[in-house]
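Count along the sequence shown from 1, then add 5; that gives the number in full-length UniProt numbering.
Quick reminder that beta carbons are idealized off the backbone N, C-alpha and C, glycines included.
Just so we're clear, the structure is a prediction, and the values are computed from it rather than from any experiment.
Shown next, in structure tokens, is the structure this report addresses.
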Amino acid sequence: VSTRKMKTMSAGELEAIEQEALRDYEEIKSRGMSLNMSRGIPCVEQLDLALGVLEALHARSEFANSNGDDCRNYGVWNGLLEMREIFSELLGVPADQIILGNNSSLQMMFDTISQGFTHGCGGHTPWCRQGEVKFLCPSPGYDRHFAVTEYFGIKMLPVPMLPTGPDMDMIEELCKDPSVKGCWCVPKYSNPTGVTYSDETVRRFARLHPAAPDFRIMWDNAYCVHDLTDEPAELLNIYDECVKEGTEDQVIIFASTSKISFPGAGVAALASSAKTIASLKGRTTVQTIGSDKLNQLRHVLFLHDADGVKSLMKGHRQILAPKFRIVLDALERELGGLGIARWSNPKGGYFVCLDVLEGCAKRVVGLCREAGVTLTDAGATYPYGNDPHDSNIRIAPSFPPQEELRDAMELLCVAIKLAAAEKLLAGRG
Ligand code: PMP
């Protein structure tokens, strides 16, 4: 295997690599693989870690929480205190400033945007009556965030992601425009870059004074306890920083147990200032007579407290870390030194973020699909599905068994080499 940069190779050398990659590709394709790696979902062994959630209520004849509320009945608009206390410790916001939702934090984000759009944020004119409104979208980012803002017709402005988080110079500049109403953030082990925002980035968000009084930071802390190494990233508490700056009404924090217990059957939460919570209460109490307290109760019985969450996450790490290693080892072994790909080495979260040669991502994803491995669509990590460089690919190592993941990585690396050789040869005319 050559470790010279492919860009420095002669046409003859590139043709040799192309031929070899093509042969390997056809051989792998003939194996008839069938694997979907498009979403970052936990594998069966991870789901089994939380089976105790399902057993917790069977073992119990009492269904009351510590206040005596019968969890089988309606009521408690903001959710069980015991579960809010767990999120309080994980997110660093007082429990009475937390609203529990049902099984999806994404739905709570959607509802928050929806409320801003139809009823306005903090008593201001609804966004739908303000003409064109815009949202800042650190990119690459989480495609479902972008889907929400696109659904409401909110214009999305991409902001580059740096190793410290979003480009804050650009964010501060764009916020001078009063039609810019918010910013999506995944501040810890960001989807898909794996970046954790630096202290300075968090402080600059807290110090942000946007021209729009109804600007909201959508702080999606989905991966707050999802460490993969012994050196967990530390994220500064944005709420505390905002309180120091008097900007706490501006940030809304989201999280869920989707990747702690069960995706689609966990508990979601929203945290913010007392004032923002009061304004969200107005909608929430019209929308529902209460969230699923039985699910909250069984989560409390199983998790106990924030320490219970952290020890459960060690189990996830034991399953996930070797899979991340398989991905990183394959990339290094097959592509290291060729100068045709760069990738993240995340300390947590669910993704390895890969950048291939400009103009090659769609080709690579297409080659993999043809050979039976579905990756996240190229471009999906950018607003409107438009990666201006066509180079970003999101790798989600969690779901496949280790053997299948090895095969998929073999295919991916061959596809990257093939696409790069084609591209470089085309460039030589
Ligand atoms: N935010 C991010 C950044 C995610 O990656 C995901 C997917 N796990 C979600 C939110 C969805 O969370 P939920 O299941 O709570 O809707």
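**Prompt:** Which residues count as close to the ligand PMP when the rule is a CB under 5 Å from any of its heavy atoms, in chain order?
**Reply:** Selection around the ligand PMP by beta-carbon proximity, strictly under 5 Å to any non-hydrogen atom, yields Ser-109, Ser-110, Leu-111, Tyr-147, Val-191, Asn-196, Asp-225, Ala-227, Ser-261, Ser-263 and Ala-273 in chain order.
**Message:** Quick check on DSSP: helix, strand or coil for Cys-358?
**Reply:** Under the three-state reduction of DSSP output, Cys-358 falls in the strand class.
**Request:** Name, in chain order, the residues that DSSP records as bridge partners for Val-164.
**Result:** Beta-bridge annotation (DSSP): Val-164 is paired with Pro-143.
**Request:** Could you spell out the range, first to last residue, of the alpha helix (DSSP H) harbouring Arg-209?
**Result:** Per DSSP, Arg-209 belongs to the alpha helix (DSSP H) from 204–211.
**Asked** How many whole angstroms separate the CB atoms of Met-166 and Pro-192, which I take to be in contact at a CB cut-off of 8 Å?
**Response** Met-166 to Pro-192, Cβ: 12 Å. No contact.
**Prompt:** Near Lys-10, what residues of its chain come up, given a Cβ to Cβ distance below 6 Å and the 5 sequence neighbours on each side ignored?
**Reply:** Answer for Lys-10: Gly-344, listed in chain order.
**Inter-residue CB distance, Val-361 and Ala-424 (contact presumed, cutoff 8 Å)** = So it is a contact: roughly 7 Å between Cβ atoms.
**Message:** Taking its Cβ as the centre, do 16 or more other Cβ atoms sit within 10 Å of Val-291, making it buried, or is it exposed?
**Reply:** A residue is called buried when at least 16 other Cβ atoms come within 10 angstroms of its Cβ; Val-291 does not meet this threshold and is exposed.
**Same chain, Cβ closer than 7 Å to Pro-327, neighbours up to 5 away in sequence not counted** = Closer than 7 Å at Cβ, skipping near neighbours: Gln-407.
**Request:** For Thr-234, name the three-state secondary structure that DSSP assigns.
**Result:** The DSSP-derived three-state label of Thr-234 is coil.
**Item:** Ser-278 beta carbon less than 7 Å from that of residue 446
**Value:** Lying before the first or after the last residue shown, residue 446 is absent from the chain, which here runs from 6 to 434.
**Asked** Per DSSP, what kind of secondary structure is Leu-299 in: helix, strand or coil?
**Response** Reduced to three states, the DSSP call for Leu-299 is helix.
**Prompt:** Helix, strand or coil: how does DSSP classify Lys-193 here?
**Reply:** If DSSP states are grouped into helix, strand and coil, Lys-193 belongs with coil.
**Asked** Excluding sequence positions up to five away, which residues of its chain have a Cβ less than 7 Å from the Cβ of Thr-289?
**Response** Cβ within range, chain order: Trp-82 and Ile-104.
**Asked** What separation, rounded to the nearest whole angstrom, lies between the Cα atoms of residue 1 and Arg-399?
**Response** For the chain, the structure presents residues 6 to 434; residue 1 sits outside this window and is missing.
**Item:** Alpha-carbon spacing of Gly-97 relative to Asp-75, whole angstroms
**Value:** Answer to the nearest angstrom: the Cα atoms are 28 Å apart.
**Request:** Could you spell out the range, first to last residue, of the beta strand (DSSP E) harbouring Arg-399?
**Result:** Counting along the chain, the beta strand (DSSP E) containing Arg-399 begins and ends at 397–400.
**Request:** Pull up the distance between the alpha-carbon of His-321 and that of Ala-260, whole angstroms please.
**Result:** If you draw a straight line from the Cα of His-321 to the Cα of Ala-260, it comes to about 17 Å.
**Request:** For residue 3, count neighbouring Cβ atoms within 10 angstroms of its own Cβ and tell me buried if that reaches 16, exposed if not.
**Result:** The question about residue 3 has no answer, for the chain in this structure spans 6 to 434.
**Item:** Integer-rounded CB distance, given that Ala-55 should sit under 8 Å from Phe-267
**Value:** The C-beta distance from Phe-267 to Ala-55 rounds to 6 Å, short enough to fall under 8 Å.
**Asked** What's the C-alpha gap between Arg-149 and Leu-111?
**Response** Our two residues, Arg-149 and Leu-111, have alpha carbons roughly 8 Å apart in a direct line.
**Message:** Extract the residue ranges of the alpha helix (DSSP H) inside the segment 307–354, only unbroken runs of 4 or more that lie entirely within it.
**Reply:** Positions of the alpha helix (DSSP H) runs, each at least 4 residues long and wholly inside the segment 307–354, are given as 311–340 in order along the chain.
**Request:** Using the Cα positions of Asn-352 and Arg-134, report the straight-line distance between them to the nearest angstrom.
**Result:** The displayed chain sequence assigns Lys, not Asn, to residue 352. Whole-angstrom Cα-Cα distance: 43 Å.
**Message:** I'd like to check one pair, Gly-187 with Met-223: are the Cβ atoms closer than 7 Å?
**Reply:** Yes, the Cβ-Cβ distance between Met-223 and Gly-187 is below 7 Å.
**Asked** How about Val-164 and Asp-174: are their beta carbons less than 7 Å apart?
**Response** For the 7 Å CB-CB criterion, Val-164 and Asp-174 do not form a contact.
**Asked** How about Thr-386 and Ser-43: are their beta carbons less than 7 Å apart?
**Response** In this structure, Thr-386 sits away from Ser-43, with a CB-CB distance that is not shorter than 7 Å.
**Prompt:** With burial defined as no fewer than 16 other Cβ atoms inside 10 Å of the residue's Cβ, what is the status of Lys-319: buried or exposed?
**Reply:** Exposed is the call here.
**Request:** Enumerate in chain order the residues of its own chain whose CB-to-CB distance from Asp-310 is below 8 Å, with the five nearest sequence positions on each side excluded.
**Result:** Excluding sequence neighbours, Asp-310 sits near Glu-90, Ile-91 and Glu-94.
**Prompt:** Arg-374 by DSSP, collapsed to three states: which one?
**Reply:** When secondary structure is reduced to three states using DSSP, Arg-374 falls in the helix class.
**Request:** Could you check which residue in Arg-209, Lys-280, Ala-276 and Pro-237 has the C-alpha nearest to that of Glu-246?
**Result:** Distance check between Glu-246 and each of Arg-209, Lys-280, Ala-276 and Pro-237 places Arg-209 closest, using alpha-carbon atoms only.
**Item:** Val-98 in three-state terms, based on DSSP
**Value:** Coil at Val-98, not helix or strand.
**Request:** Return the chain-ordered list of same chain residues with a C-beta closer than 6 Å to the C-beta of Ala-270, the five sequence neighbours on each side being excluded.
**Result:** For Ala-270, where only same-chain residues beyond five positions count, the Cβ hits under 6 Å are Asn-108.
**Message:** Quick check: the Cα distance between Leu-359 and Ile-421, rounded to an integer number of angstroms?
**Reply:** Straight-line spacing of the CA atoms in Leu-359 and Ile-421 works out to 11 Å.
**Message:** Thr-262 and Ala-238 - do their beta-carbons sit closer together than 7 Å?
**Reply:** The answer is no: Cβ separation not under 7 Å.
**Prompt:** So what does DSSP say about Gly-170, is it helix, strand or coil?
**Reply:** Secondary structure at Gly-170: strand, using DSSP grouped into helix, strand and coil.
**Prompt:** Is DSSP giving Cys-188 helix, strand or coil here?
**Reply:** Reduced to three states, the DSSP call for Cys-188 is strand.
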